[in-house]
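Sequence lines, in order, name chains A and B.
Everything in the first sequence is counted per the working numbering, starting at 3 for the first residue and increasing by one.
Everything in the second sequence is counted per the working numbering, starting at 2 for the first residue and increasing by one.
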Amino acid sequence: MSSPDVVIVGAGVEGTSIAYALASRGTADVTVLDRDAIGSGGTGRSAGIVRCHYGVPEVAALARESLEVFQHAEEILGASVDFEQVGYLVGIGEDNLAPFRASVAAQQTLGIDTGEIGHAEAAALWPVAHLDDFASFAYEPRGGYADGYATAHAFAGAARRLGASITQGTAVASVEVSGGRVTGVTLADGTTLATPTVVVAASAWSVPLLAPLGIDLPITPYLVQEVLIDPGQDLGARPVFSDMVSKQYVHQRGHELLFGDSGGFERPIPDPDRFPSHAEDAAIERCAEKAMHRFPGIEDPSVKTTSTGMIDVTPDWNPIISATPINGLYVAAGFSGHGFKIAPAVGRLMADLILDGTSSVPDVPAETFRFSRYEEGSPLLSKYPYVGASKIR
Amino acid sequence: MTIVVCVKHVPDPADPVVLAADLRVDREAGAGTLSGLDEYAVDQAVRLRRARERVVAVTMGPRGARAAVTRALQMGADEGIVVSDEALAGADVLTTAAVLAAAVRSVGDADLVVCGMSSTDGGSGVVPVLVADLLGWACAGHAAAVELDGGRVTIQRDDPDARRTLVAPLPAVVSVTDLSGEPTYPSFKAILAARRRPVREVGLSELGLGTPSTAPGTRTVSAVEADPRPPARIVTDSDGSGAAALLELLAGRSLLEVDR
Chain A
3 MSSPDVVIVG
13 AGVEGTSIAY
23 ALASRGTADV
33 TVLDRDAIGS
43 GGTGRSAGIV
53 RCHYGVPEVA
63 ALARESLEVF
73 QHAEEILGAS
83 VDFEQVGYLV
93 GIGEDNLAPF
103 RASVAAQQTL
113 GIDTGEIGHA
123 EAAALWPVAH
133 LDDFASFAYE
143 PRGGYADGYA
153 TAHAFAGAAR
163 RLGASITQGT
173 AVASVEVSGG
183 RVTGVTLADG
193 TTLATPTVVV
203 AASAWSVPLL
213 APLGIDLPIT
223 PYLVQEVLID
233 PGQDLGARPV
243 FSDMVSKQYV
253 HQRGHELLFG
263 DSGGFERPIP
273 DPDRFPSHAE
283 DAAIERCAEK
293 AMHRFPGIED
303 PSVKTTSTGM
313 IDVTPDWNPI
323 ISATPINGLY
333 VAAGFSGHGF
343 KIAPAVGRLM
353 ADLILDGTSS
363 VPDVPAETFR
373 FSRYEEGSPL
383 LSKYPYVGAS
393 KIR
Chain B
2 MTIVVCVKHV
12 PDPADPVVLA
22 ADLRVDREAG
32 AGTLSGLDEY
42 AVDQAVRLRR
52 ARERVVAVTM
62 GPRGARAAVT
72 RALQMGADEG
82 IVVSDEALAG
92 ADVLTTAAVL
102 AAAVRSVGDA
112 DLVVCGMSST
122 DGGSGVVPVL
132 VADLLGWACA
142 GHAAAVELDG
152 GRVTIQRDDP
162 DARRTLVAPL
172 PAVVSVTDLS
182 GEPTYPSFKA
192 ILAARRRPVR
202 EVGLSELGLG
212 TPSTAPGTRT
222 VSAVEADPRP
232 PARIVTDSDG
242 SGAAALLELL
252 AGRSLLEVDR
């Protein structure tokens with residue numbers, strides 16, 4: 003095998019986005035390795051929600067930049083990412099109204115197209131919903147959802163056209179280091195690929211890969227469960243709905259509605275490769291209760307199917323996009339269940355970090371997602387936290 | 002009249018299998034699920050129930066087995082019985098059948114027992130007929146269709162040579178196949194309604210059964226990994242000879258008779 007300038011471990015949406023960003027900046031000698039296939043991990047199981055409602059301004063800015071790519075994917079990447087720009091609605095309860103308004107104002111300062119709307123407007127967006135227990139709403143007309151798998155393939159295809167190569171079915175066994183700098187990677191079959199630069203973008207699988215190098219990534223695999231509902235009626239195209247009162251998110255996928263729980267029921271699992279393939283009964287019951295409360299206009303919803311996935315959670319529920327103490331070794335992992343909507347900008351940020359050591363992404367300083375923030379005691383937390391909700395808004 | 006449906010909680014076939022130290026499948030390793038073939042039994046039992054009748058779902062298994070009864074209630078069963086007892090760990094089909102028969106008797110007015118044709122894990126397929134034998138009832142197995150009519154149960158069974166109609170007087174045990182219907186996921190209303198239905202958890206003593214006195218009739222002596230699948234043989238057709246080569250290959254493995 004040749005000796006590429008950069009090896010990226012993991013062909014998920016982050017790894018392929020990084021490959022594309024590097025290649026489009028002229029570093030085309032990039033090899034992406036994946037133990038399985040493009041988008042076969044968390045990417046292919048992502049709900050694919052696209053929105054900018056974040057209380058961490060730098061994450062909001064990554065989402066804002068990424069939105070441009072989702073919206074113009076065919077021009078930029080030459081392939082569709084199946085982006086459905088149905089809008090994004092978030093409803094908030096009285097208890098979180100103050101941080102919500104502050105967060106929306108901060109998002110507007112960042113140039114994000116969002117604004118508070120009233121009950122009547124929200125009701126027009128989701129006519130079958132019961133909305134009385136919300137205090138207010140925000141609406142992002144440019145939000146929506148895309149397809150994780152299609153997005154990873156679009157990035158991979160665009161990167162390939164620029165000269166990068168994507169090798170699937172090839173597991174990396176170890177990262178080789180000599181004298182404090184990366185020298186290459188050793189594959190599962192024993193062959194070694196020499197390279198001065200390695201980016202590990204392998205979700206929770208990054209942890210065992212880097213542990214032998216003395217790099218202990220604070221990433222824990224968590225189980226996430228979602229339920230797909232057959233509403234039994236045509237609802238029309240409705241915006242993605244973050245319900246911060248019942249703590250659930252809802253979006254259409256074809257004729258079905260995907261329900262996820264944002265009430266903090268994700269739970270750690272010991273092995274990222276072993277988790278139930280279907281949602282557990284308790285999760286389905288929780289979903290039934292919340293859905294029946296929120297959508298009385300859907301007469302007889304039934305479970306179509308359920309899906310599960312693993313997310314790679316960090317202590318502050320924000321990613322590590324960073325250099326490491328080892329020269330030439332970078333990490334893009336720990337996306338904590340919300341990496342999809344920021345992936346296009348993550349690629350650009352990582353390419354900047356590798357090639358310049360700085361960031362060209364507006365409103366996102368290079369050090370924001372540094373690995374060392376945990377041992378410095380400076381976690382990246384929302385400035386406007388919501389009580390009772392998972393920490394990804 | 003009460004219809005009892007026997008259900009089994011099995012490891013989810015989509016999950017990786019973990020063997021415990023005694024070589025049995027570690028049932029705590031995954032969430033498990035209602036045996037897919039038992040869904041057809043629940044579906045039939047609910048369909049056969051008439052006004053003022055009830056369907057009781059019965060399972061025997063470790064603590065997590067209650068989930069199988071929960072699913073049956075969501076699918077429309079009225080009540081549940083979970084037989085769980087430390088002494089039943091590793092129970093074989095004979096013990097299982099004895100426990101299920103005792104549970105059926107405990108229901109009092111049961112006159113039809115519906116089972117799936119087989120579990121999706123153990124797969125012996127003999128439990129329905131053993132339960133019938135222990136109860137002293139008739140057994141009609143592998144039904145593609147079931148009807149109840151005036152003290153009789155009638156099933157249609159697709160045998161290799163013919164479709165047979167079997168009639169048995171009640172009380173009786175029937176087992177149903179995956180051709181009997183098309184069970185669907187329950188609706189949200191049904192899921193929430195199921196929470197209010199009674200489930201009785203009992204041990205062996207409550208069923209009037211003592212601890213199984215002898216060791217199970219079967220035990221696992223070894224477990225080995227299955228051989229990996231041999232690599233696929235790819236027949237490439239560049240000159241029109243592909244069809245003949247494919248025929249040759251299939252005939253060589255006795256998968257096709259070639260009349261020359």
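By construction, the Cβ of each residue, glycine as well, lies at the ideal position given by its N, Cα and C atoms.
Keep in mind it's a predicted model, so treat the numbers as computed, not measured.
Can you name the residues of chain B whose CB is closer than 8 Å to the CB of residue i?
i: A/Ile286; result: Ile192
i: A/Glu291; result: Leu193
i: A/Met294; result: Phe189, Lys190 and Leu193
If the criterion is Cβ atoms closer than 7 Å, does the pair residue i and residue j meet it?
i: A/Ser68; j: A/Ile344; result: yes
i: B/Ala144; j: B/Val177; result: yes
i: B/Leu135; j: B/Ala102; result: yes
i: A/Gly359; j: A/Arg183; result: no
i: A/Gln170; j: A/Ala65; result: no
i: A/Pro241; j: A/Tyr147; result: no
i: A/Asp318; j: A/Pro381; result: yes
i: B/Gly77; j: B/Val47; result: yes
i: A/Pro274; j: A/Ala206; result: yes
i: A/Ser5; j: A/Ala196; result: yes
i: A/Thr33; j: A/Ser167; result: yes
i: A/Val9; j: A/Val187; result: yes
i: B/Ala21; j: B/Asp13; result: no
Among the options, which one has its Cα closest to the Cα of residue i?
i: A/Arg350; options: A/Ala334, A/Leu383, A/Ile271 and A/Gly339; result: A/Ala334
i: B/Ala245; options: B/Leu171, B/Asp39 and B/Asp260; result: B/Asp260
i: A/Ala25; options: A/Pro220, A/Thr194 and A/Phe157; result: A/Phe157
i: B/Ile4; options: B/Val11, B/Ser242, B/Leu256 and B/Ala42; result: B/Ala42
i: B/Leu49; options: B/Ala233, B/Ser125, B/Thr71 and B/Arg153; result: B/Arg153
i: A/Gly145; options: A/Val389, A/Gln170, A/Thr29 and A/Asp115; result: A/Asp115
i: A/Pro223; options: A/Gly390, A/Gly379, A/Asp135 and A/Thr316; result: A/Thr316
i: B/Phe189; options: A/Leu357, A/Ser4, A/Glu301 and A/Ser176; result: A/Glu301
i: B/Asp44; options: B/Asp160, B/Ala169 and B/Val147; result: B/Val147
i: A/Ala104; options: A/Val61, A/Ser384 and A/Gly390; result: A/Ser384
i: B/Arg196; options: A/Ala284, A/Gly336, A/Gly43 and A/Tyr22; result: A/Ala284
i: B/Thr166; options: B/Val174, B/Thr71, B/Ala173 and B/Gln157; result: B/Gln157
i: A/Gly50; options: A/Pro321, A/Arg372, A/Gly339 and A/Gly266; result: A/Gly339
i: B/Arg25; options: B/Ala69, B/Gly211 and B/Val11; result: B/Val11
i: B/Pro170; options: B/Glu40, B/Thr185, B/Arg201 and B/Gly137; result: B/Gly137
i: A/Gly336; options: A/Asp191, A/Asn98 and A/Pro220; result: A/Pro220
i: B/Ala117; options: B/Val100, B/Gly37, B/Ala104 and B/Ala69; result: One point to set straight first is that residue 117 of chain B is Gly, not Ala, in the sequence displayed. Selected option, being the one with the closest Cα: B/Gly37.
i: B/Ala133; options: B/Ala173, B/Asp150, B/Ala111 and B/Val100; result: B/Ala173
Mind listing the chain A neighbours of residue i? Cutoff is C-beta to C-beta under 7 Å, in chain order.
i: B/Gly31; result: Pro278
i: B/Ser188; result: Asp302, Pro303 and Ser304
i: B/Thr71; result: Asp283
Which whole-angstrom value describes the C-beta separation of residue i and residue j, a residue pair presumed to lie in contact below a C-beta threshold of 8 Å?
i: B/Asp79; j: B/Val56; result: 5 Å
i: A/Ala140; j: A/Val92; result: 5 Å
i: A/Met294; j: B/Leu193; result: 7 Å
i: A/Gly311; j: A/Arg47; result: 4 Å
i: A/Pro214; j: A/Ser176; result: 6 Å
i: B/Ser119; j: B/Gly204; result: Going by Cβ atoms, the distance from B/Ser119 to B/Gly204 rounds to 27 Å, so no, they are not a contact pair.
i: A/Ile356; j: A/Thr199; result: 6 Å
i: B/Ala58; j: B/Val6; result: 5 Å
i: A/Ala63; j: A/Pro364; result: 6 Å
i: A/Glu142; j: A/His55; result: 7 Å
Please list the partners that residue i has in chain B, where partner means a Cβ-to-Cβ separation under 7 Å.
i: A/Met312; result: Result: empty, since nearest Cβ-Cβ is about 13 Å, beyond 7 Å.
Between residue i and the ligand ZN, is the CB less than 6 Å from at least one heavy atom?
i: B/Arg55; result: Annotation note on the ligand ZN: not contained in the displayed structure, which lists no ligands.
Output, in chain order, the set of chain A residues within a Cβ distance shorter than 9 Å of residue i.
i: B/Ala15; result: Pro278, Ser279 and His280
i: B/Ala68; result: Glu282 and Asp283
Across which residues does DSSP place residue i in a beta bridge pair?
i: A/Phe261; result: A/Val229 and A/Val252
i: B/Met61; result: B/Val84
i: A/Phe243; result: A/Leu91 and A/Val252
i: A/Pro270; result: A/Tyr224
i: A/Pro321; result: A/Pro321 is not bridged to any residue.
i: B/Cys140; result: B/Val174
i: B/Gln157; result: B/Ala146 and B/Thr166
i: A/Cys54; result: Note: A/Cys54 sits in no beta bridge, so no partner.
i: A/Ser180; result: A/Arg183
i: B/Gly117; result: B/Val177
Note down, in chain order, every chain A residue with its Cβ under 8 Å from the Cβ of residue i.
i: B/Thr34; result: His280
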